[in-house]
Amino acid sequence: MKRTFARREAGSGPHGKTREFKTIVAGLLIAVAVICLDGTGAGERAGLAAYDLCHRMAPGPFPTRRIVIVGIDDDSLAHLGPWPWPRSYHARLIEILTREKAGVIGFDVMMPDASGDAAADNALARAAAASGLVVFPFYAENKVLPRGSHVFYVAGARKPPYPALERASVSGSVVAVPDADGVLRRHVPVVLDGGTPRYSMDVEVVRVFLGLPRSAVSLEDGGLRLGELRVPMDSTGRVLIRYSSGSPVGPKFETLPYYKVISGEFPPGEFAGKIVLVGVTAHGLHDFYFTPLATAGSPVAGVEIHANVVQALLDGLIVREPARWLACALLLAFSVAAALGLARLRPRAACVAAFLAVACIACLSLTLFARASIWANPVPVMVVLAVVLARHIVVSYARTEAERDRTRTTLGRYLSPAVVEEVLKAPGRVALGGRRLDVTVMFADIRGFTSFAEGRDPEHVVEVLNACLSMMVEAVFREGGMLDKFTGDGVMAVFGAPVPREDHALRAARAALAISRTCGWGPTGGGVAAAHDAGGAGVNDVKLSVGVGMASGEALVGNIGTLARMDYTAIGDVVNIAARLEGMAGPGQVLVCGRTYQAIQGLVEARRVGSVEVKGRSLPVEVYELF
Numbered sequence: 003m004k005r006t007f008a009r010r011e012a013g014s015g016p017h018g019k020t021r022e023f024k025t026i027v028a029g030l031l032i033a034v035a036v037i038c039l040d041g042t043g044a045g046e047r048a049g050l051a052a053y054d055l056c057h058r059m060a061p062g063p064f065p066t067r068r069i070v071i072v073g074i075d076d077d078s079l080a081h082l083g084p085w086p087w088p089r090s091y092h093a094r095l096i097e098i099l100t101r102e103k104a105g106v107i108g109f110d111v112m113m114p115d116a117s118g119d120a121a122a123d124n125a126l127a128r129a130a131a132a133s134g135l136v137v138f139p140f141y142a143e144n145k146v147l148p149r150g151s152h153v154f155y156v157a158g159a160r161k162p163p164y165p166a167l168e169r170a171s172v173s174g175s176v177v178a179v180p181d182a183d184g185v186l187r188r189h190v191p192v193v194l195d196g197g198t199p200r201y202s203m204d205v206e207v208v209r210v211f212l213g214l215p216r217s218a219v220s221l222e223d224g225g226l227r228l229g230e231l232r233v234p235m236d237s238t239g240r241v242l243i244r245y246s247s248g249s250p251v252g253p254k255f256e257t258l259p260y261y262k263v264i265s266g267e268f269p270p271g272e273f274a275g276k277i278v279l280v281g282v283t284a285h286g287l288h289d290f291y292f293t294p295l296a297t298a299g300s301p302v303a304g305v306e307i308h309a310n311v312v313q314a315l316l317d318g319l320i321v322r323e324p325a326r327w328l329a330c331a332l333l334l335a336f337s338v339a340a341a342l343g344l345a346r347l348r349p350r351a352a353c354v355a356a357f358l359a360v361a362c363i364a365c366l367s368l369t370l371f372a373r374a375s376i377w378a379n380p381v382p383v384m385v386v387l388a389v390v391l392a393r394h395i396v397v398s399y400a401r402t403e404a405e406r407d408r409t410r411t412t413l414g415r416y417l418s419p420a421v422v423e424e425v426l427k428a429p430g431r432v433a434l435g436g437r438r439l440d441v442t443v444m445f446a447d448i449r450g451f452t453s454f455a456e457g458r459d460p461e462h463v464v465e466v467l468n469a470c471l472s473m474m475v476e477a478v479f480r481e482g483g484m485l486d487k488f489t490g491d492g493v494m495a496v497f498g499a500p501v502p503r504e505d506h507a508l509r510a511a512r513a514a515l516a517i518s519r520t521c522g523w524g525p526t527g528g529g530v531a532a533a534h535d536a537g538g539a540g541v542n543d544v545k546l547s548v549g550v551g552m553a554s555g556e557a558l559v560g561n562i563g564t565l566a567r568m569d570y571t572a573i574g575d576v577v578n579i580a581a582r583l584e585g586m587a588g589p590g591q592v593l594v595c596g597r598t599y600q601a602i603q604g605l606v607e608a609r610r611v612g613s614v615e616v617k618g619r620s621l622p623v624e625v626y627e628l629f
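Numbering (my numbering), first residue to last: 3 to 629.
Structure representation (structure tokens):
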């Protein structure tokens with residue numbers, strides 16, 4: 003009966019290859035599942051939340067001084083009266099801003115119909131025509147139309163400025179398309195009007211500011227060309243904007259009240275060469291939106307969103323995202339690599355490695371966003387890592403439990419159940435790998451067994467032998483010893499291994515005396531052998547008994563043998579001495595060496611027998627007999 007406690011190298015042999023293949027397949031399946039989940043509402047919300055957090059940690063550069071907002075605020079409403087105002091006010095504003103040499107004037111105010119005051123309407127149109135720098139918005143329907151590899155919004159229900167104003171100014175579309183959570187992260191730069199591209203108000207503001215002709219703006223594959231600027235668009239026909247302002251406590255674009263501007267209450271040169279955006283900032287007029295920087299009850303005015311978009315277009319702060327196919331391919335590769343990498347670590351080390359990996363992924367995502375305006379969504383990667391780690395922990399636990407069951411079954415043949423559980427609870431204390439331990443080795447052999455077997459049925463002989471050996475093993479286990487091996491009609495046992503014991507000599511002595519007294523026929527004619535040999539009475543007069551030899555000392559204990567066949571055993575001088583004493587012991591005798599006697603002196607009755615020469619030793623061994 004052999005014991006194999008050696009652990010196989012991870013990944014070696016056919017079992018290791020199969021395990022590695024299963025790990026790769028699991029990694030691929032996990033990645034595919036996460037990719038599918040990413041397209042659901044839950045996955046999208048998690049990605050958007052991560053984007054907003056990243057955006058708040060690394061907003062765009064400080065709001066440029068080239069943009070000034072003229073706000074239709076509460077103070078202006080108090081000075082100029084309730085909204086809507088006479089359009090003559092807007093005409094005066096345009097005249098003032100033109101005189102102040104503004105670079106462009108963008109009105110975030112819808113004027114689709116005549117006001118009923120023809121003189122004011124005409125005055126506004128004349129002022130816009132005289133300026134040549136005014137951009138008004140038109141409303142476009144929030145509907146989409148597939149075109150090539152992209153989707154475009156259409157202007158089917160377009161509401162342009164009233165005819166005179168449309169002829170006198172530049173008009174651009176305004177389409178606000180929040181994400182599923184109501185946050186406005188993307189800008190729609192172009193809509194289709196009867197198949198013809200019509201560009202957004204913000205694009206037109208930038209074009210006029212840069213002095214570009216209409217032909218300088220065009221659609222290109224995957225994006226929009228604006229002079230020397232190229233604006234990448236996603237597959238939904240939108241661009242992801244990196245906001246510079248909008249946080250309740252962060253920097254904001256310079257803003258002047260509308261009433262002060264038309265009253266001339268502003269510093270000289272305030273608007274010279276600048277982009278001037280006119281729009282509502284009064285909360286009662288309800289032109290507010292949530293953005294990545296303006297959430298949790300602090301929406302930002304629509305005109306400030308236009309300011310962010312204009313700055314993003316001018317400074318190239320368009321956030322780029324990797325192609326979907328590339329993101330999926332990288333996620334698949336990462337999932338497999340993570341599964342294989344964590345599989346080589348113990349669960350606790352794997353948890354630490356996963357935590358560090360999550361930190362690195364978060365830092366990398368934030369760095370790409372802050373320095374290159376690239377949004378690499380870390381959520382799918384983190385989810386993959388979490389699932390891979392969870393799988394590894396579950397598999398490791400199941401594998402550990404299976405290994406414990408196998409070990410329990412194997413050790414149960416050589417150790418008592420109590421010692422087996424002790425080994426399993428504290429594997430670091432045991433000497434399965436090969437250690438020098440102070441132990442007591444015991445050899446016990448049945449005397450006269452060959453003569454006893456003559457004339458008896460083999461089945462009967464085996465029954466008696468098994469009964470005697472069972473009793474010996476029971477005595478060894480009762481004292482916490484380890485059954486090393488059966489030696490034909492005897493046993494070799496080790497006390498003090500694999501779990502070290504301070505009183506290993508005393509335990510061995512008690513086991514030896516129990517074996518000597520209860521095996522064979524015993525001193526009074528009873529005993530295990532006698533009880534099982536009732537059917538053999540009269541065959542011969544041989545009476546079985548046991549001779550025991552024990553020795554204490556240091557031994558090398560551990561797995562000894564080859565990879566193909568290995569024993570957990572003890573070797574050393576102490577084993578040779580114990581075997582020699584067992585050979586000297588007469589029927590019913592228990593002989594021990596001097597080292598064993600010193601350990602149990604006063605605890606067990608004993609007498610000195612003498613000394614004996616042992617092969618390989620220069621000094622004789624003191625021998626004592628136990629009673």
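Yeah, the Cβ is synthetic: ideal placement off N, Cα and C, and Gly gets one too. Computed from a prediction, not measured in an experiment: that's the story for all the values here.
- Per the DSSP secondary-structure output, Glu272 pairs with nothing in a beta bridge.
- Nearest in C-alpha terms to Met484, of all of Asp491, Pro500, Thr66, is Pro500.
- In the assembly as shown, Lys617 is an exposed residue. Its beta-carbon has fewer than 16 other beta-carbons within 10 Å.
- Residue state for Ala131 is assigned as helix, using DSSP reduced to three classes.
- A residue is called buried once 16 or more other Cβ atoms fall within 10 Å of its Cβ, and Thr198, having fewer, is exposed.
- The criterion of a C-beta distance shorter than 8 Å is satisfied by Ala130 and Ile96.
- In the structure shown, Gly590 falls within a coil segment according to DSSP collapsed to helix, strand and coil.
- DSSP places Tyr155 within a strand segment (E or B) once states are collapsed to three.
- Residue environment analysis places Thr293 among the buried positions, since at least 16 neighbouring C-beta atoms fall within 10 angstroms of its C-beta.
- Going by DSSP, Tyr141 is part of the beta strand (DSSP E) stretching over 136-141.
- Annotation: the continuous beta strand (DSSP E) that includes Ala572 extends over 568-573.
- Secondary structure at Ser175: strand, using DSSP grouped into helix, strand and coil.
- When secondary structure is reduced to three states using DSSP, His285 falls in the helix class.
- The residues Val36, Asp40, Leu333, in chain order, have a CB closer than 6 Å to that of Pro382 in the same chain once the five nearest residues on each side in sequence are set aside.
- Looking at the backbone, the Cα of Pro180 and that of Leu82 are separated by about 33 Å.
- Pairing Ser237 with Gly134, the inter-Cα distance amounts to about 34 Å.
- Of the candidates Arg609, Gly604, Phe629, Ile579, the residue whose Cα lies closest to the Cα of Ser620 is Ile579.
- If one requires a minimum length of 3 residues, the beta strand (DSSP E) runs lying completely within the stretch 212-244 are 219-222, 225-228, 231-234, 241-243, in chain order.
- In this structure the stretch 203-212 lies against the stretch 100-110, because at least three pairs of beta carbons, one per stretch, are closer than 8 Å.
- Taking C-beta separations shorter than 6 Å and ignoring five residues to either side along the sequence, the partners of Ala122 in its chain run Pro88, Arg89, Ser90, following chain order.
- Phe445 places its beta carbon less than 8 Å from that of Glu584.
- Fewer than three pairs of CB atoms, one per stretch, sit closer than 8 Å, so the stretch 327-346 makes no contact with the stretch 216-231.
- If you ignore the 5 residues before and after Arg582, its C-beta comes within less than 6 Å of the C-beta of Val616, all in its own chain and listed in chain order.
- Val559 sits close to Val441, with the two beta carbons spaced by under 8 Å.
- Sequence-distant partners of Lys262 (beyond 5 residues in either direction) whose C-beta falls short of 7 Å from its own C-beta, in its chain, are Phe268.
- In summary, Trp327 is exposed, with fewer than 16 beta-carbon neighbours lying within 10 Å of its beta-carbon over all protein chains present.
- The secondary-structure analysis by DSSP pairs Cys595 across a beta bridge with Val625.
- Taking the Cβ atoms as the reference, Ser175 lies roughly 10 Å from Val156, outside the contact range of under 8 Å.
- Taking the C-beta atoms as reference points, Leu231 is found nearer than 8 Å to Leu315.
- The distance from the Cβ of Leu279 to that of Val302 is about 13 Å, inconsistent with a contact at the 8 Å cut-off.
- Per DSSP, the beta-bridge partners of Gln603 are Val606.
- DSSP, read as helix, strand or coil, puts Asp440 in strand.
- Cα atoms of Val443 and Glu481: separation of roughly 13 Å, rounded to the nearest angstrom.
- Taking a contact to require three or more Cβ pairs closer than 8 Å, the stretch 588-604 and the stretch 452-464 do not qualify as touching.
- Between Phe255 and Ile74, the gap from beta carbon to beta carbon reaches 8 Å or more.
- Pairing Arg322 with Ser398 gives a Cβ-Cβ distance that is not under 8 Å.
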